[in-house]
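In my numbering, the protein residues as written are 22 to 493.
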Amino acid sequence: MRHQNFIDRDKLYGLLDNNVPTESELNDILNKARKLKGLNLEDVAKLLCVEDEADIEKILDTAKYCKDEIYGKRLVLFAPIYTGNACVNNCVYCGFRRDNRSLMRKVLTMDEIEQETLQLLRMGHKRALLICGESPRNNADYMVEAIRRTYAAKDEKGSTIRRINVELAPMSVEDFAKLHAEKIGTYVCFQETYDPVEYKKFHPSGPKSDYLYRLTCMDRAQEGGINDVGLGVLFGLTDYRFEILAIMEHARHLEEDYGCGPHTVSFPRIEPAEGTPFSLPENLPHPVSDKDFRKIVAIIRIAMPYTGIIISTRERPEMRDELVRYGASQISAASETNPGGYEEGERSIDESAHQKTGAQFTLGDHRSLDEVISAMIDGGYIPSFCTGCYRKGRVGADFMDLAKPGLIKEFCKPNAMFTFREYLEDYASPTTKAKGLELLQQLTQTFSKEDLKRKVEGNLCKIGEGERDLYF
Ligand code: SF4
Ligand code: SF4
């Protein structure tokens with residue numbers, strides 16, 4: 022059964038044909054969603070067909086309810102490290118595509134990777150996503166070394182990256198096993214589009230043109246020992262409704278065959294990219310409107326309530342704030358999408374600077390980490406750099422066993438507060454620190470169990486006195 026195509030294109034498009042739910046069907050689906058046990062493919066197909074503004078509001082309200090119940094006001098922060106932009110593929114929408122001759126190609130040396138890591142650490146980051154184009158220079162052995170150097174880097178305050186996720190091209194079971202041995206967190210790979218017909222048009226050559234090899238990469242990752250995997254598509258290549266149904270199918274396949282669905286789903290929306298046929302907004306194939314984007318983030322939140330939703334700096338700050346309300350649980354912040362971008366210095370709001378050194382796409386959020394965190398505090402959100410589960414071995418099916426009955430909340434909120442306090446002590450600007458400490462003070466009062474409250478206060482106090490890396 023394994024390594025077979027589990028996407029039935031005709032069935033999925035068929036489910037979207039004239040399938041608008043009646044009022045009572047919509048209410049039934051949303052009431053079911055409020056039980057926090059997820060939705061099935063047919064429910065999701067109906068929600069995707071909703072166009073009426075008032076009905077979309079009902080979906081958004083339900084998503085907000087699920088988000089608040091499961092994640093509260095926590096939001097996990099991370100940043101990518103692009104280790105290389107050399108690529109043998111020719112994806113039509115990507116600035117790193119082989120045919121983009123104007124791009125300066127670079128594959129970072131291990132010393133350069135260490136420098137990039139140090140720059141992230143000096144901002145206050147603790148979670149990194151290693152990412153690169155597909156090329157023989159970025160092979161599994163290179164990535165093993167890159168992971169080791171990233172974990173080994175230590176800044177002046179003694180901080181290290183505590184969790185590395187990787188976003189890499191599909192590989193063999195043997196290569197996945199090599200990555201697994203290096204203690205990576207989540208393996209992320211976007212299918213880009215699950216529509217096999219459209220897939221061919223967007224991926225005309227190179228190893229990525231093999232739809233089935235990419236579709237089954239998570240199966241090989243599991244066989245290589247990696248049971249935390251992250252899915253995603255590039256929204257805007259095809260009908261977004263089909264892609265959401267396909268993500269549901271992929272999650273079902275993983276649950277049925279490996280006992281655990283995806284740890285995360287990423288929501289990148291197509292952006293113009295220099296050196297591609299899509300360098301201008303008007304040339305993008307199927308742009309997803311803000312209204313539809315909010316709707317699909319909300320639908321995945323209620324359909325897969327325990328799966329993390331990731332939003333990148335492609336989105337503008339205002340849009341990211343909204344998506345956080347309706348479902349996003351992780352955001353990247355202060356990102357550079359070109360290899361060596363952090364070390365190159367001051368983060369630039371000048372797009373041309375990014376293009377010269379080879380950015381993958383256009384950014385929508387240029388704020389520093391401190392600015393992002395300051396805005397989060399103003400909105401009552403708790404910035405989290407927590408990596409507790411990976412350190413305690415709560416991953417894969419073990420993680421889902423805790424997450425599904427809602428027990429994980431017991432760990433997440435205190436752990437978020439501990440890492441937030443570390444950030445405030447070590448890296449925050451004076452203004453951010455002052456208002457952050459005030460927020461922590463208020464949050465401490467929200468624990469109803471006295472013993473837990475005491476433990477949280479105790480750990481926060483220890484962090485204030487200089488202890489680090491405390492977690493439940
Ligand atoms: Fe290469 Fe990935 Fe860009 Fe495709 S999307 S050209 S595989 S870097
Ligand atoms: Fe994530 Fe586990 Fe930390 Fe919660 S406790 S934020 S699930 S690592």
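C-beta: ideal position from N, C-alpha, C; glycine also.
- Taking the CA atoms as reference points, residue 225 sits about 38 Å from residue 42.
- Checking the 7 Å criterion, the Cβ of residue 186 is out of range of every heavy atom belonging to ligand 2.
- Look at residue 414 here: in three-state DSSP terms it is coil, with no helix or strand label.
- Here residue 134 is near residue 167, since their CB atoms are less than 8 Å apart.
- In this structure, residue 446 lies near residue 484, with their beta-carbon atoms less than 8 Å apart.
- About 5 Å separates the Cβ atoms of residue 94 and residue 403, confirming a contact at the 8 Å cut-off.
- For residue 154, the CB falls within less than 7 Å of some heavy atom of ligand 1.
- Taking a C-beta distance under 8 Å as the contact criterion, residue 321 and residue 286 qualify as a contact pair.
- Annotation: residue 323 is outside any beta strand (DSSP E); the continuous alpha helix (DSSP H) that includes it extends over 311 to 324.
- By the 16-neighbour rule on beta-carbons within 10 angstroms, residue 212 is buried.
- Just so you know, the alpha carbons of residue 56 and residue 345 end up roughly 21 Å apart.
- Placement of the Cβ of residue 437 at a distance of less than 7 Å from at least one heavy atom of ligand 2 is found.
- By the C-beta criterion, the segment 273 to 286 is judged to be in contact with the segment 241 to 255, since at least 3 inter-stretch pairs fall below 8 Å.
- Judged by beta-carbon spacing, residue 352 lies beyond the 8 Å limit of residue 335, meaning their Cβ atoms are not closer than that value.
- Rounded to the nearest whole angstrom, the C-alpha separation of residue 194 and residue 491 is 35 Å.
- Pairing residue 308 with residue 418, the inter-Cα distance amounts to about 36 Å.
- Residue pairing from DSSP places residue 186 in a beta bridge opposite 150.
- Annotation: residue 211 is outside any beta strand (DSSP E) and is labelled neither H nor E by DSSP.
- With 16 or more other Cβ atoms from the protein chains shown falling within 10 Å of its own Cβ, residue 434 counts as buried.
- Only residues of its own chain outside the window of five on either side were considered, and among them 99, 100, 101, 102, 138, 141, 171, 182, 184, 185, 186 have a CB closer than 8 Å to the CB of residue 149, listed in chain order.
- Rounded to the nearest angstrom, the gap between the Cα atoms of residue 409 and residue 281 is 19 Å.
- Going by DSSP, residue 351 is part of no alpha helix (DSSP H) but of the beta strand (DSSP E) stretching over 351 to 353.
- Here residue 287 is bridged, per DSSP, to 253, 331.
- Taking 8 Å as the upper bound for CB-CB distance, residue 202 and residue 155 are not in contact here, some 21 Å apart.
- Sequence-distant Cβ neighbours of residue 174 in its own chain, meaning closer than 6 Å and more than five residues away, are 135, 138, 139.
- Collapsing the DSSP output to three states places residue 441 in a helix.
- With fewer than 16 other Cβ atoms from the protein chains shown falling within 10 Å of its own Cβ, residue 122 counts as exposed.
- The shortest CA-to-CA distance from residue 44 to any of 363, 72, 147 is the one to 72.
- Residue 37 is positioned such that its CB atom lies no closer than 8 Å to that of residue 62.
- For residue 118, the shortest separation between its Cβ and any heavy atom of ligand 1 lies below 7 Å.
- Following the DSSP letters along the chain, one finds residue 97 inside the beta strand (DSSP E) bounded by residues 95 to 105.
- Apart from the 5 residues on each side of it in sequence, residue 453 sits with its Cβ closer than 8 Å to the Cβ of 391, 394, 395, 398, 445 in its chain, given in chain order.
- Remark: the C-beta of residue 454 is outside contact range of ligand 1, defined as less than 7 Å to any heavy atom.
- If you compare the alpha carbons of 59, 110, 218, 105 with that of residue 88, the shortest gap goes to 59.
- With respect to residue 347, residue 315 sits close: the two C-beta atoms are nearer than 8 Å.
- Nearest to residue 207 by alpha-carbon distance, out of 479, 420, 215, is 420.
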